[in-house]
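Protein chains in written order, with this note's numbering: chain D, 347 to 643; chain L, 31 to 574.
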């Protein structure tokens, strides 16, 4: 009897969870399907709200324009470069820092940790950052997009929490055998930290891929700008018709708006595709590692 | 293992496709190199070299070729621009271009200035003030006028051009852009003639007839015929409908005829205009989402025939959007009303800001200003080159545009480009600049959207445009720093309040009858009198 009652409770709960999950899936999936449908629909139909789920007025003109545009393909290559190299740099500075922060016997680590924490809440702002980058000669170079923001305090704390959870006995055994800190870190700690590395790669890679603001402020050479900046320009093109009229007249404004309407959905799909392809392969690590930073300090 | 292999293959495929698939020729420029060589062959290098030798007192401007860097604020990248390459060929001054995003221009200017000039016409007044008037980093064109005879001649013909470009300190940091063409108007009340004919609706001549036309359209077509997509008061329908209710043509600041600056947003005429718009909105004769519809929605409504009276969405209507494949677009003449039988509307001044802000520390200023002077030439600077002021808007005469004897002109679109505009901006020129007055009174000979609109402007707007002296030069008058503070602290909030209340009055959220006095009082409390004093002082200086 008790067993039967327990089962009923569970199935009601299960139904509720299933329904909520389905609603959430629909809420997330619908915009994705809509963007893909709009990208292969007639742009005027898409903008008029006639495309609700399935495409209307099938056309691949948007994709054709995207792949013919040298700036978009160049932006794509730049985004891939910044994502790969930037993520490597992020890992190189953040993971070891997180490990060092676990070594409280090293003098100064507590003080340094407090300094790191301070920067999480207070910063110099955009103007000092710009003046610094400019004085270092990094303005309008690729390095400014790789070095600025390379060290993430938040992620360093996550790493530290993870490393604190590893058994100390492993390290002690390594030290007894004559291993140095660095060798211990490389040969024992890192191999045990695959879940952490997976999560960090995901966080950093997504941040790099989506970033456009630093590129907009610190670069003006189109050859080094990432894809998201071109996407942003296209998406705001429709809203600058008044300025375009002043610069080039009504036909120029109309022509720019038509181009923007035609390619904006295609650019969104093209720019989102790489991460959507890569994520399933990192799913395993993300699942294991997403809670690793849940208890800090 | 399989998954790793698959992910590696996918990653490789992405990188390879990015490297290999990027077509280096843009969609609208696949023939640009061919076009450029055609231009060069039609005006051969040897010919221009011979002519240069004849005019060797003027061109080339330098003994050894130099390169100057121009900054463009925008989204596109500019390379091998035909007209500027032609300038380089004649003068020896080569041009290379940097594009800076609008959001990033402030940080760009705070870094080291490694450019020679800023091409952009829409540089913010605050930047001009900070770096020019206060910072002294822009060169003063007055110091180089002797080297610019074409500009001097233009200023003599259009004295308001120099006045408009002169800053509060008496210096001139930008050049004027002078355009007289068949589309030089801000008042644009477009409509589809086929839809009015379909329902036997006469073209309205009064506000009441306009109301009746919309009412009939709603009854017969079932939709709100007035898109209202761009109900801005300085362009399209706003200035026209406002002008129908009185003798004023500008709803903001205006000279009342005695030299006194008035603010019309609290005037009886403006109230009558809002009441009329509210009536249209209340009876659902205007698209109810007009404030939030974006341009593509408006285009869709125009193409489908849901709307019949348009703003800028009309620019996108093509012959193929009409049942018989022909353009049925026209422009409505100004309306009259029971309050005014005067059909006068706001005129667009032919002078506007032309950009070309010079870096005062550039080493190439003398050669650069002489090269820029070509933008104001009324005849080709070198015989056979086809290069003169018009080129900086329409390209080379005889190649890119042809003037016919019958009062028409033709724009030549090269192969590989969807339209002349696609060719014009980014391949032929950067943006409109200089003096483009040759096509005044000319209509394009190519049937289509542009021709329909130009005929409409010529027949129904230009004859009613007010005298240029009646246009309040709001964008040209200059303010002192203290005056600018008043505008920043007072007028910005007043503008926001006016815009908000305009929409509330039109949509009926606030009743005009009961809310008008409170609205006027609010504007007074916000300091409109102080703002008027500032504008009066600036206007008095302008008139001196």
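For each residue, glycine too, the CB sits at the ideal point set by N, CA and C.
TODO: Give a yes or no on whether the C-beta atoms belonging to residue 459 of chain D and residue 447 of chain D are separated by under 8 angstroms.
DONE: yes
Open item on the list: Could you tell me the alpha carbon to alpha carbon distance between residue 486 of chain D and residue 133 of chain L, rounded to whole angstroms?
Closed with: Taking the straight line joining both Cα atoms gives about 15 angstroms.
Open item on the list: Give me the residue from L:501, L:189, L:453, L:276 with the minimum Cα distance to residue 367 of chain L.
Closed with: L:276
TODO: Mark residue 213 of chain L as exposed unless 16 or more other C-beta atoms lie within 10 angstroms of its C-beta, in which case mark it buried.
DONE: buried
Task: Among L:109, L:512, L:331, nearest to residue 221 of chain L - alpha-carbon criterion - done: Nearest Cα to residue 221 of chain L within the set L:109, L:512, L:331: L:331.
Open item on the list: Cβ closer than 8 angstroms: which chain D residues qualify as neighbours of residue 138 of chain L?
Closed with: 566
Open item on the list: Taking the beta carbon of residue 9 of chain L as the centre, do at least 16 other beta carbons fall within 10 Å, making it buried, or is it exposed?
Closed with: In this structure chain L extends from 31 to 574, so residue 9 of chain L is not present and cannot be described.
- [ ] Could you tell me which chain L residues have their CB closer than 8 angstroms to the CB of residue 474 of chain D, listed as they occur along the chain?
- [x] What residue 474 of chain D touches in chain L: nothing, since even the nearest Cβ is about 12 angstroms away.
Open item on the list: To the nearest angstrom, how far is the alpha carbon of residue 445 of chain D from that of residue 497 of chain D?
Closed with: 14 angstroms
Task: Contacting residues, own chain, Cβ-Cβ under 6 angstroms from residue 363 of chain L (five flanking each side not counted) - done: 490
- [ ] Helix, strand or coil for residue 206 of chain L, going by three-state DSSP, please let me know.
- [x] strand
- [ ] Anything in chain D within Cβ reach of residue 131 of chain L, meaning under 8 angstroms, just list it in chain order.
- [x] 562, 566, 575, 579
Task: Start and end residues, alpha helix (DSSP H) containing residue 409 of chain D - done: 407 to 414
- [ ] Compare the beta carbon distance of residue 96 of chain L and residue 124 of chain L with 8 angstroms and say whether it is the shorter of the two.
- [x] yes
- [ ] Mind listing, in chain order, the continuous alpha helix (DSSP H) runs of no fewer than 4 residues lying wholly within the segment 361 to 441 of chain D?
- [x] Fully enclosed alpha helix (DSSP H) runs of no fewer than 4 residues occupy 389 to 393, 407 to 414 of the segment 361 to 441 of chain D, in order along the chain.
TODO: Within the same chain, show all residues whose beta-carbon is closer than 7 angstroms to that of residue 517 of chain L, passing over the 5 residues directly before and after it, in chain order.
DONE: Taken in chain order, the residues that qualify are 509, 561, 564.
Open item on the list: Assuming residue 485 of chain D is part of the beta strand (DSSP E), what are its boundary residues?
Closed with: First-last for residue 485 of chain D: undefined, no H or E at that position.
Open item on the list: For a cutoff of 8 angstroms on Cβ pairs, would you count residue 520 of chain L as touching chain D?
Closed with: no
Task: C-beta atoms of residue 216 of chain L and residue 378 of chain L nearer than 8 angstroms - done: yes
- [ ] Report yes if the CB atom of residue 612 of chain D is closer than 8 angstroms to the CB atom of residue 385 of chain D, and no otherwise.
- [x] Result yes, Cβ atoms of residue 612 of chain D and residue 385 of chain D sit closer than 8 angstroms.
Open item on the list: Assuming contact is defined by CB atoms lying nearer than 8 angstroms, are residue 494 of chain L and residue 181 of chain L in contact in what I supplied?
Closed with: no
TODO: Note down, in chain order, all residues in the segment 299 to 332 of chain L with a beta-carbon under 7 angstroms from any beta-carbon belonging to chain D.
DONE: 324, 325, 326, 327, 329, 330
Task: Same chain only: Cβ atoms within 7 angstroms of residue 383 of chain D, ignoring 5 sequence neighbours per side - done: 397, 399, 400, 401
TODO: For residue 250 of chain L, I'd like the list of residues in its chain whose CB is within less than 6 angstroms of its CB, leaving aside the five on either flank, ordered along the chain.
DONE: Answer for residue 250 of chain L: 229, listed in chain order.
Task: Closest Cα partner of residue 326 of chain L within the set D:514, D:369, D:390, D:381 - done: D:390
- [ ] Taking only beta-carbon positions, decide if residue 466 of chain L is within less than 8 angstroms of chain D.
- [x] Residue 466 of chain L has a beta carbon lying at 8 angstroms or more from every beta carbon in chain D.
- [ ] Say whether chain D places a C-beta atom closer than 8 angstroms to the C-beta of residue 126 of chain L.
- [x] By this cut-off, residue 126 of chain L is not an interface position.
TODO: Report yes if the C-beta distance between residue 351 of chain L and residue 253 of chain L is below 8 angstroms; otherwise report no.
DONE: no
- [ ] Label residue 211 of chain L either buried or exposed according to how many other C-beta atoms from any shown protein chain fall within 10 Å of its C-beta, with 16 as the threshold for buried.
- [x] buried
Task: Alpha-carbon spacing of residue 158 of chain L relative to residue 629 of chain D, whole angstroms - done: 53 angstroms
TODO: Check the Cβ of residue 485 of chain D against every Cβ in chain L and list those closer than 7 angstroms, keeping chain order.
DONE: 141
- [ ] Tell me residue 431 of chain L's beta-bridge partners as DSSP assigns them.
- [x] L:427, L:441
Task: the segment 425 to 442 of chain D / the segment 544 to 556 of chain D touching (three or more Cβ pairs under 8 angstroms) - done: yes
- [ ] Could you round the C-beta distance between residue 146 of chain L and residue 398 of chain L to whole angstroms and report it? I think they count as a contact, below 8 angstroms.
- [x] 6 angstroms
Task: Cβ-based contacts, 8 angstroms cut-off: residues of the segment 96 to 108 of chain L near chain B - done: In the displayed structure, chain B is absent; the protein chains listed are D and L.
Task: DSSP three-state assignment for residue 323 of chain L, whether helix, strand or coil - done: coil
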